[in-house]
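2 protein chains.
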Amino acid sequence: MTQSREAFEARLRQIGVERYHDKHPFHHLLHSGGCTPDQVRAWVINRFYYQASIPMKDAAFMSRVTDPALRRAWRSRIEDHDGTDQNEGGIMRWLRLADAVGLDRDYVASTDGVMAATKFAVDAYVRFVRDKTLLEAVAASLTELFAPKIHAARIEGLLQHYDFADDSSLSYFRNRLSEAPKDVAFGLDWVLTHADTQEKQDAAAAALTFKTDVLWAQLDALHAAYVTPGAIPPGAWQPGTHLVPARAKAS
Amino acid sequence: MTQSREAFEARLRQIGVERYHDKHPFHHLLHSGGCTPDQVRAWVINRFYYQASIPMKDAAFMSRVTDPALRRAWRSRIEDHDGTDQNEGGIMRWLRLADAVGLDRDYVASTDGVMAATKFAVDAYVRFVRDKTLLEAVAASLTELFAPKIHAARIEGLLQHYDFADDSSLSYFRNRLSEAPKDVAFGLDWVLTHADTQEKQDAAAAALTFKTDVLWAQLDALHAAYVTPGAIPPGAWQPGTHLVPARAKAS
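This is the structure we're talking about:
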C-alpha cells in the first residue's frame with residue numbers, strides 16, 4: 001500500500017537510524033580520539049576518493065535530467081564541491097585536512113593509495129546514479145539527512161582529541177553543516193513528491209539503503225586494513241609514507 | 001606520423017570547411033529568406049531538441065572527468081545553456097525565438113513534435129560523449145570553431161528577410177557569438193595538447209567529423225520532411241498546429 005507522505009518520510013529516516021555510518025566502530029574510534037595519526041591519515045586518503053567522486057556522481061545525474069530547472073537546482077552541489085570564483089570548494093577543503101594531518105596533498109589528490117575496496121564502493125555509487133531511475137538517484141542522496149549530526153560530532157571530537165584539528169583543517173565539515181541541509185531539503189521534498197506509488201516508495205527506500213551500504217563498506221574496509229595489524233592490501237597506502245616534513249598549512 | 005600542432009589544427013579546421021552544416025541547402029534557404037513561416041517553425045521545433053540536450057551532453061562529460069579544474073572550466077557551458085541568477089540561458093532564449101515565430105512555447109519545450117530522426121542524431125551525440133574518450137568528447141565540441149560565422153550570417157539573414165526577427169528573438173545567436181569563442185579556445189587548446197600521437201589525432205579528427213554528421217543529419221531530416229511536400233513523418237509537428245493566436249513576445 002502506498003504510504004502517506006509523513007509515514008514514508010519516517011520510513012526513510014528510520015533507515016538512517018538503523019544503518020547510517022555514524023554507528024560504525026571506526027567512527028567511534030575516530031571521534032573519541034582512539035585513532036593513531038596513521039589511522040586518521042588512512043581515513044583522509046580513502047575518504048578523499050569519495051569526496052572527489054561526488055561531483056562526477058552529480059554530473060551523471062544531471063546528464064539524465066531533461067528539465068532545465070531541476071538541472072539548475074542540482075548544479076549547486078557540483079559548485080559546493082568543485083568550487084567557484086568565491087568558494088574554494090569541498091575538494092580543496094579536504095586537501096587542507098590532508099595538509100593538516102601531515103600528508104603530501106599531491107599524493108592524496110592522486111588517489112594512488114586508495115584501497116580497491118573503497119574504489120569499488122564509491123564507483124558503485126556513481127554507476128548507480130548513472131543507471132537507475134532519477135527517483136532512486138535522488139533518494140540515494142538522502143543520507144545527507146543524517147550528515148549534519150555526524151559532522152557536528154566529528155568537529156567536536158576531532159577538536160577535543162587531535163592536535164591537527166583547527167578551523168582551517170576542519171573547514172570541510174563546517175561548510176557541509178550549512179550546505180547539506182539546503183540540498184537535502186530539496187531532495188527530500190522531491191522524493192516525497194515523486195514516490196507516489198508503493199513500488200516507487202520501495203525503490204526509493206532501497207536506494208537509500210544501498211547508499212548507507214556504500215558508506216558503511218568504506219569504513220569496514222578501512223577498519224579491516226588499518227586497525228587490524230598486518231592487513232593492509234597490496235597497493236594501498238603504507239603508514240609512514242608520503243608524509244611532508246613539516247605540517248604545512250594550506251597555501 | 002604525428003602531426004605538428006599547427007598542421008593538426010589546420011586538419012581540424014579543414015573538416016569544418018568541408019563538412020560544417022553552414023553548407024547545407026536548408027541553411028541557404030533559411031538565411032536567404034526562402035523558408036516559409038512553417039519551415040522556420042519546423043526548424044525552431046527540431047533544433048530546440050539539440051539545444052535542450054547540450055547541457056545533458058556537457059554533464060555526461062563532467063561525470064567522467066576526475067580533474068576538478070577541468071570540470072570547473074567545463075561547467076560554464078551548462079550555465080550558458082541552463083542559465084544562472086544573472087543569465088536566463090540559451091534554452092530560454094531559444095523559447096523566445098519560438099514565441100516570435102508564433103509557436104506555443106510549451107509545445108516546443110515538450111519536444112513532442114520533434115522528428116525521430118532529429119532525436120536519433122542528437123541522442124547519438126550525448127551517447128558519444130558518455131562512451132568515448134575524453135579527447136574524442138572535447139574534439140566533438142569543436143564544431144564551435146565554425147559557429148560564429150554561421151551565427152553572424154544567420155542574424156543578418158533573418159533580420160533582413162523575416163518579420164519575426166529582432167533583438168529579442170535572435171538573442172540566442174547574439175549570445176553565442178561571445179560564448180562559443182571562449183569555450184572553443186579552451187577546447188581547441190585542450191585537444192591540440194592531448195592529441196599527442198597519430199592515433200589520438202586520428203581519433204580526434206574522427207570525432208569532429210562525427211559531430212559534423214550529427215549537425216548535417218538534422219538538416220537533412222528537416223529538409224526532407226518540410227521542404228519536400230507530403231513527407232512529414234508520423235508524430236512530427238504538422239504545419240498550422242500549436243500556434244498562438246497573437247505573436248506573443250516573451251514574458
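Sequences listed follow chains F and P, in order.
One point on numbering: in this note's numbering, the residue at position 24 of the first sequence is 24, and numbering is uninterrupted.
One point on numbering: in this note's numbering, the residue at position 142 of the second sequence is 142, and numbering is uninterrupted.
Beta carbons are placed, not taken as given, at the ideal position from N, Cα and C, and that holds for glycine.
Note that the coordinates shown come from a computational prediction; the quantities given were computed from them, not determined experimentally.
Check	Outcome
Leu243(P), DSSP secondary structure in three states	strand
For Leu158(P) and Asp123(F), the rounded distance between their alpha carbons	49 angstroms
Proximity to Ala117(P) [Cα-Cα], best of Ala224(P), Thr241(P), Ala7(P) and Gln238(P)	Ala224(P)
Residue-chain proximity (Ser63(P), chain F), Cβ-Cβ < 8 angstroms	yes
Contacts that Ile91(F) makes with chain P (C-beta to C-beta distance below 7 angstroms)	Pro68
Start-to-end residues for the alpha helix (DSSP H) that takes in Gln120(P)	Inspection of the sequence shows that residue 120(P) is occupied by Phe rather than by Gln. Ala116 to Asp131 is the span of the alpha helix (DSSP H), which, as asked, contains Phe120(P).
Euclidean distance between Cα positions of Ala195(F) and Trp74(F)	19 angstroms
Euclidean distance between Cα positions of Phe186(F) and Tyr226(P)	43 angstroms
Exposure label - Phe120(P); buried when at least 16 CB within 10 Å	exposed
Leu145(P) and Ala204(P) closer than 8 angstroms at C-beta	no
Beta-carbon proximity check, Gln3(F) vs Gln201(F), cutoff 8 angstroms	yes
Spatial distance of Ser32(P) from Arg105(P) (CA atoms)	25 angstroms
Residues that Gly83(F) contacts on chain P, provided the C-beta gap is smaller than 8 angstroms	Pro68 and Arg72
Residue-chain proximity (Met56(F), chain P), Cβ-Cβ < 8 angstroms	yes
Under 8 angstroms (Cβ pairs) to chain P, residues found in the stretch 32 to 45 of chain F	none
Candidates Trp43(F), Arg19(F) and Val17(F), of which the one nearest Ile232(F) by Cα	Trp43(F)
Segments of 4+ residues assigned as alpha helix (DSSP H) that fall wholly inside the stretch 4 to 41 of chain P	5 to 19 and 25 to 31
Within-8 angstroms CB hit, Ala59(F) to chain P	yes
Straight-line Cα distance separating Val65(P) from Arg130(P)	11 angstroms
For Arg77(F) and Gln86(P), the rounded distance between their alpha carbons	18 angstroms
Contact set between the stretch 126 to 142 of chain P and chain F, restricted to residues whose Cβ is under 9 angstroms from the partner	Val126, Val129 and Arg130
At least 3 beta-carbon pairs within less than 8 angstroms: the stretch 50 to 58 of chain P vs the stretch 176 to 183 of chain P	no
Nearest neighbour of Gly113(P), chosen from Ala137(P), Arg47(P) and Glu9(P) [CA to CA]	Arg47(P)
Below-8 angstroms beta-carbon distance, Ile232(F) vs any chain P residue	no
CB contact check: Ile78(P) to chain F, cutoff 8 angstroms	yes
Cβ-Cβ separation, Gln160(P) to Trp94(P) (assumed contact under 8 angstroms), whole Å	The Cβ separation is near 21 angstroms, so there is no contact.
Gly83(F) - DSSP class collapsed to helix/strand/coil	coil
For Leu103(P), three-class secondary structure by DSSP	strand
CB contact flag (His21(P), His28(P), <8 angstroms)	no
Contact belief for Thr143(F) with Thr84(F) at Cβ below 8 angstroms, rounded distance in angstroms	Contact flag wrong, Cβ pair sits at about 24 angstroms.
Sequence-distant residues of its chain with Cβ nearer than 6 angstroms to Ser141(P) (five each side left out)	Gly187
Counted within 10 angstroms of its Cβ, other Cβ atoms place Pro245(P) as buried (16 or more) or exposed	exposed
Arg285(P) at chain F interface by Cβ criterion, 8 angstroms	This structure gives no information on residue 285(P), because the portion of chain P shown stretches from 1 to 251.
Classification of Ser63(F) by the beta-carbon crowding that lies within 10 angstroms, buried from 16 upward	buried
Residue from Gly90(P), Val40(P) and Ala98(P) whose Cα sits closest to the Cα of Tyr162(P)	Val40(P)
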